[in-house]
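Student: Mind looking over this structure? Questions follow.
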Amino acid sequence: MKKHYSGLKLKVLKKANPTQISIKGYSLWLWASLGVMIALIPWAGQAIAEVQTPSMVNDGIPDQIQIALNTLWVIFAGVLVFFMNAGFAMLETGFCRHKSAVNILAKNLIVFALSSLAFWATGFALMFGDGNSFIGLHGFFLSGPDNSPAVAEAYQGIYRSLDWAAIPLNAKFFFQLAFAGTAATIVSGAVAERIKFAAFVLFSLGLVGLAYGIIGHWIWGDGWLSQLGFWDFAGSTVVHSVGGWGAFMGAVLLGPRMDKYPDGQIAAIPGHNLAISTLGCLILWLGWFGFNPGSTLTADPEAITHILLTTNMAAAASGVMATLVSWRYFGKPDLTMIINGILAGLVAVTASCAYINIVSAIAIGVISGTIVVFSVVYLEQWHIDDPVGALSVHLVCGIWGTLALGLFSIGPDVYPWYSDVGGPLAGLFFGGGYSQLLNQLLGVLAVGFAMIAFSLLLWLTLSFTVGIRVSPMEELEGLDLSEHSMEAYSGFMKEQERGR
Amino acid sequence: MKKHYSGLKLKVLKKANPTQISIKGYSLWLWASLGVMIALIPWAGQAIAEVQTPSMVNDGIPDQIQIALNTLWVIFAGVLVFFMNAGFAMLETGFCRHKSAVNILAKNLIVFALSSLAFWATGFALMFGDGNSFIGLHGFFLSGPDNSPAVAEAYQGIYRSLDWAAIPLNAKFFFQLAFAGTAATIVSGAVAERIKFAAFVLFSLGLVGLAYGIIGHWIWGDGWLSQLGFWDFAGSTVVHSVGGWGAFMGAVLLGPRMDKYPDGQIAAIPGHNLAISTLGCLILWLGWFGFNPGSTLTADPEAITHILLTTNMAAAASGVMATLVSWRYFGKPDLTMIINGILAGLVAVTASCAYINIVSAIAIGVISGTIVVFSVVYLEQWHIDDPVGALSVHLVCGIWGTLALGLFSIGPDVYPWYSDVGGPLAGLFFGGGYSQLLNQLLGVLAVGFAMIAFSLLLWLTLSFTVGIRVSPMEELEGLDLSEHSMEAYSGFMKEQERGR
Amino acid sequence: MKKHYSGLKLKVLKKANPTQISIKGYSLWLWASLGVMIALIPWAGQAIAEVQTPSMVNDGIPDQIQIALNTLWVIFAGVLVFFMNAGFAMLETGFCRHKSAVNILAKNLIVFALSSLAFWATGFALMFGDGNSFIGLHGFFLSGPDNSPAVAEAYQGIYRSLDWAAIPLNAKFFFQLAFAGTAATIVSGAVAERIKFAAFVLFSLGLVGLAYGIIGHWIWGDGWLSQLGFWDFAGSTVVHSVGGWGAFMGAVLLGPRMDKYPDGQIAAIPGHNLAISTLGCLILWLGWFGFNPGSTLTADPEAITHILLTTNMAAAASGVMATLVSWRYFGKPDLTMIINGILAGLVAVTASCAYINIVSAIAIGVISGTIVVFSVVYLEQWHIDDPVGALSVHLVCGIWGTLALGLFSIGPDVYPWYSDVGGPLAGLFFGGGYSQLLNQLLGVLAVGFAMIAFSLLLWLTLSFTVGIRVSPMEELEGLDLSEHSMEAYSGFMKEQERGR
């Protein structure tokens, strides 16, 4: 790896590019807030939420019928989440250059196949299998009668009337597999246009088969974070931050693309096909209607439609806000910002979508739509190269969404659908003080620390074995030719690249 | 706005282009029919249908289960309708030039976000809230226990066994929101390649937040048109004509693209990506399986599968017919006509899909597949510029479909699913005489008049404030650069435009 | 048809192209196996399975509710299968050259419209209508009270608690129509870039309206093959091989594209848009979650989630295997092989998905992922030109999947969901001996023979009437201009073709 491509040195270089904007004020405020939050951590220990034993509240619907309804619901939702693979593939491919298209497509296609095998072999067992507070130890290869009664009660779905066991094990696995695949896909975008295909494949296997499962166990598998009162309804942290941290470490260790920061300046490298990127955004929006409401795992009409709406309104508000912010600061409404704004809102509302009201969802979206624009700018100033904005969307807004639960949670005994499991405490803005917010911060830090360590180890291991970055010559030529000996758009004439 | 771009002067210029075809005979027949229909309006007043109070006919399924089934069904259908945003985005983008792609994508993406906010704030309340025959006055911001008992009984869904209240309010809102978004999206295509982004955004807000809700109230919110016996099952008028009229006024006031009618002749401006347009068509076809059958709001097996089939067969017949007609008249089977033919059939069957048999659906499709081809030709001769054919599909075939209900309605007490609410009278071809047809014509005219007035007012207001049309220089350069400072297909070499 | 384009002479020409690989060893093994299999045919007659009369095993769910659940499930699944039209359109279009894009898009779009009309008029009646062991004779135009009680009991769905009559006739028709459309679409890819549009349209009508229905009747309509104990759960043979044989005969009779085998060598003709091909693959993967699990026609939680998983795991294993095999033999992971590998797994598991365990599904996928790569190579060596790999995926892996049922079937009385109907015997690897394998081979041969005869007759008839192949001039120019007078990517600059 040639030194000047390395993103490991994070110092902000001189601002020479006219598209840069002044963010000093924001920066100060952000760091100050972070400092205060960290200072408050000692209180977090007191905030252990009580997880009640679920009771039967199935409103008189016979079990057999409820199970059939739930299964239809979970398959529907799981299939939508599966389709997010197409969304990510189109989004990421379109945002990169045509000379990398085959490579990104191949990565996004094979990753769900790999995830299927890895999550079946180990990931699911580590995540939901009976074990201890840190790791699941049963149910490898989907063996055993069901993946442990402990998990049945501990999974942080909102509706426990028939326990988690109210759908077939296969349904649970498929739904969770779709989530695991999502986490792996997130990495793909941030490391695009310079990573070796083999390195990505191996990292994905490690992430889905190992890290995702173990960390997920802490939160959704009756693990220590859930026992301490950390809540993440549909995975702002479990899925998006976990994937985001892996992507972050990959982007940092790989360093930026060779023509992204020429002479310390910031060069815009526009995507080659914004039509498929927009399609990808809409497919992802569609998929989130499975991602969030489906995480109930139960066809509870009030719950799933409420979550559907909080999800949609956060996305809408975030998309509009990102449009306005980019319009204000860049002078034009930027399509890539509209796209990432919508996705930012979807990621941000994921942790809390079941526990907040619609106005709060809009507020979360307004903030995520602002954050995502500045995050993209920050990351460029730090010379981290994230070709598709994956870090800003999934990591930064995943963290924001996880914390936002501590601000906007409406508290127990308001919405009927999680009254049986307690649910998170009321948030800071809803009279609950700092307790839940600190719980959330604890989870963010713990997962961040764990994923940084894991990713560092795995990326470095790959770096010293198969190697993680293609040669400058291959990068210049494009990964499609060097890694796959084919091009995505045969027959079309392409422009010579700028600056050559 | 330079004078020769204006589409306000509708006179037919000399036919010089070889692709024009002789349509004099058709023209005469059309006008004569219209004259006769208008002459028959006085009878319309007598045709007030009796709307019965719905009774419980839920076949012994307990309410809790029926509500869960209905909710799953409505979410499934609503999600399909939401996905139509991707369909419209791909369809319209592909049909225009690459230099406008970013702009069209951005419009189609932001419009659902805007619709979500506007329909939540005001649109839904105006449409379905308790009020009077002209407007709803309760339920802004989804407030209140539910959106009025009046609406529960008045909504023109076909199946009222558990009232409209048989699904959660959030489910109703989401489903209706997806429809409202569709209406706004229709405008996007007809005004493409010359409208200012800001003008489109503001028009969409006005349409969804105001006009769509009020006019929708007349038909689906127990308003005066439904009381007079006008029926529109899933929105040939409520959604497609309303959107179509807004699009029509926009296209007329904007005038044609500067190189569409050079020297009074008709220039073909081919789309830049028919692959994504075809994808868009198939996504829309898919979405219609939610649009029409979902409008039952009830998981009634017989009703939803019947509607599924009438919808599909009309689309199939219309697509085949448009293929044959275009093959006959243009010499070749024209892909854009196959696409618009399928969509025309879907729009046309929307009003009547629950009230007709399958042969009637095919007949409606055969006619819409013919109409749409000639409509495209007519509009070009009138020098109205509709880059994607939105007016021919949504406005013209929306009107045709609304009238077709008056021709093909099978009448009350045939199909069980709407026997409780009466439903439309038998149509002209089914022994019911002209009554229902005249009711339908009344609705077409009323909605047309209202939308023309509203759109004229709003477009002109925008015209005198933010301006609605980009400068000729910006148009020549393409809206992607002028409005967004980016291009959709970076890295590909593009041809110089014809005639330069 | 100029002689040197003809694919009728199947002799293997001299291997001059460096992409060719040595497959002699495999070839021998394959032919030997085939010989052994054919030699064992006499035993097949003894293997007539007993088809039991279904009993009521609906677990205490009232019929009305079960019917509503089943209908929702079948609509959901059918809609997913319908969406496969978009998948095939994108897959095939992207794999061919840009000069044929409009043609392929038009074919794939119109084919479902045509199928809708043809299957409604005759296909459904021939397939599922009351009649004899060879053909259905009632229910044309969906007439009659329901399509015969015989069929209700004989349809080879796995779950017969409420008979096939447990969903409305319209639901059955829609679901089966989506399947019929798939069979027709398969042909499109193999004959791409040289067939006349009219010839394809007419062949599709004949296939869906006649051959598909009759052959399907043998297997899914209580016909002679099902009576002899041949099982094909969701259509490896009924849909994929039937379509595949039609495609094979078309590709052979048309001969290869004029620049595919210059001077007896093999020229690679790369696809023009692998982004939409990848999208197509993911849409097809999505669609298969309706195709296979939906074929239960019943919302049985255990059955549908099991089938969902066998389907997914076979696809995953096959995709990974094709990646590895292509990496090993071609030196690089080939995106087109990843795509076709995934599809091969989906096709291969389709026959047996309800009757096998997950490890068997993975084994079937591992083999299909290997077969598909070598099949592509073989077909090229035989100078059969299949631009998109449809023959390798649908025909070869359809046959493999049908035979695999005879190897991996777990046997009766293991899974509860087909215990009422007996289901296939245990396979060779599960202690059942050769009986079921021979039943399967019988079906493969019978369907192959029937489809070869039918396709030969129909293609030749078309050849001597409308003609099936465009002129060399038109082919050189591209079918978009010659058949449709339009191009798919207007405004983009295209490269001159190689070798000119």
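Chains as they are written, first to last, in the UniProt record's numbering: chain A, 1 to 500; chain L, 1 to 500; chain B, 1 to 500. Ideal placement from N, C-alpha and C gives every residue a C-beta, glycine not left out. Here the structure is a predicted model, which is why all the values come from computation and not from measurement.
(1) Return the chain-ordered list of same chain residues with a C-beta closer than 6 Å to the C-beta of D413(L), the five sequence neighbours on each side being excluded.
(2) Run through DSSP, which three-state label would K107(B) get?
(3) Would you mind giving the Cβ-Cβ distance between V393(L) and N340(L), rounded to the nearest angstrom? I have them listed as a contact below 8 Å.
(4) Determine which residues of the segment 88-106 of chain L have a Cβ less than 7 Å from any Cβ of chain B, and write them out in chain order.
(5) Of the choices L105(L), T182(L), S482(L), L80(L), whose alpha-carbon is the least far from that of F119(L)?
(6) What residues in its chain sit with their C-beta under 7 Å from that of G45(B), if we drop five residues either side in the sequence?
(7) Please tell me whether F449(L) has its Cβ less than 9 Å away from any Cβ of chain B.
(8) Check this for me: beta carbons of N108(A) and F197(A), under 9 Å apart or not?
(9) So who's on the other strand from G136(B), going by DSSP bridges?
(10) What span of residues does the alpha helix (DSSP H) with L456(B) cover, start to end?
(11) With C-beta atoms as the reference, is G280(B) less than 9 Å away from L91(B)?
(12) Of the choices L284(B), T402(B), L105(B), I195(B), whose alpha-carbon is the least far from that of F230(B)?
(13) How about the segment 286-301 of chain L and the segment 125-136 of chain L: do they share at least three Cβ pairs that are nearer than 8 Å?
(14) According to DSSP, simplified to helix, strand and coil, what is K172(B)?
(15) So what's I384(L) in DSSP terms, helix, strand or just coil?
(16) Which residues of chain E have a Cβ atom closer than 8 Å to the Cβ of M313(A), listed in chain order?
(17) Could you list which residues in chain L have their beta carbon closer than 7 Å to that of S490(B), in chain order?
(18) Mapping DSSP to helix, strand and coil, what is F492(L)?
(19) Counting C-beta neighbours from all protein chains within 10 Å, is the total for L34(A) 16 or more, i.e. buried, or is it exposed?
(20) How would you list, in chain order, the residues of chain L whose beta-carbon sits under 9 Å from the beta-carbon of V79(B)?
(21) Residues in its own chain within less than 7 Å of L462(B) by CB, not counting five upstream and five downstream?
(22) Evaluate E495(L) with the Cβ neighbour count: other Cβ atoms within 10 Å of its Cβ, from every protein chain shown; 16 or more gives buried, anything less gives exposed.
(23) Distance, Cα to Cα, G427(A) vs I358(L)?
(24) For A348(B), which residues in the same chain have their Cβ closer than 6 Å to its Cβ, ignoring the five residues on either side in sequence?
(25) Distance cutoff 9 Å, beta carbons only. Does G319(L) sit that close to anything in chain B?
(26) Are the CB atoms of L407(L) and L437(L) within a distance shorter than 9 Å?
(27) Grab me the residues of S277(A)'s own chain with a C-beta within less than 7 Å of its C-beta, minus the 5 sequence neighbours each way, in chain order.
(28) Do we get a CB-CB distance below 9 Å when we pair A171(B) with the residues of chain L?
(29) With 16 as the cutoff for other CB atoms within 10 Å, does D480(L) come out buried or exposed?
(30) If you pair each beta-carbon of the segment 303-312 of chain L with each one of the segment 326-333 of chain L, do three or more pairs fall below 8 Å?
(31) Comparing alpha-carbon positions, which option in G246(A), H98(A), V377(A) lies nearest M337(A)?
(32) Taking only the alpha-carbon atoms, compute the straight-line gap between S188(A) and Y415(L) and give it to the nearest angstrom.
(33) Looking only at its own chain, which residues have a Cβ that is under 6 Å from the Cβ of W43(L), when we skip the five neighbours before and after it?
(34) Return helix, strand or coil for R257(B), following the three-state DSSP convention.
(35) DSSP puts I195(B) in a beta bridge; with which residues?
(36) Pull up the CB-CB distance for I356(B) and S409(B), whole angstroms please, since I reckon it's below 8 Å.
Tutor: The relevant details are as follows:
(1) S419
(2) helix
(3) 5 Å
(4) R97, H98
(5) T182(L)
(6) Annotation note: pLDDT 29 at G45(B) (below 50); position unreliable, no value reported.
(7) no
(8) no
(9) G131(B)
(10) Residues 435-464.
(11) yes
(12) T402(B)
(13) no
(14) helix
(15) coil
(16) Judged by its chain identifiers, the structure shown contains no chain E, and its protein chains are A, L and B.
(17) P270, G271, H272
(18) strand
(19) Low confidence applies here, because L34(A) scores a pLDDT of 44, under 50, leaving its location unreliable and the question unanswered by this model.
(20) F76, L80, L286, F289, G290, L308
(21) A199, L202, F203, I468
(22) The residue in question, E495(L), is exposed, as its Cβ has fewer than 16 Cβ neighbours within 10 Å.
(23) 55 Å
(24) I364, S368, C397, W400, G401
(25) yes
(26) yes
(27) Around S277(A): M90, L91, G94, F95, G271, I339.
(28) yes
(29) The residue is buried, with at least 16 neighbouring Cβ atoms inside 10 Å.
(30) no
(31) V377(A)
(32) 53 Å
(33) Residue placement at W43(L) is flagged as unreliable, the pLDDT there being 35, under the threshold of 50; the coordinate-derived value follows with that caveat. Cβ neighbours of W43(L) beyond the five flanking positions: L438.
(34) coil
(35) Per DSSP, R469(B).
(36) Confirmed, Cβ separation roughly 6 Å.
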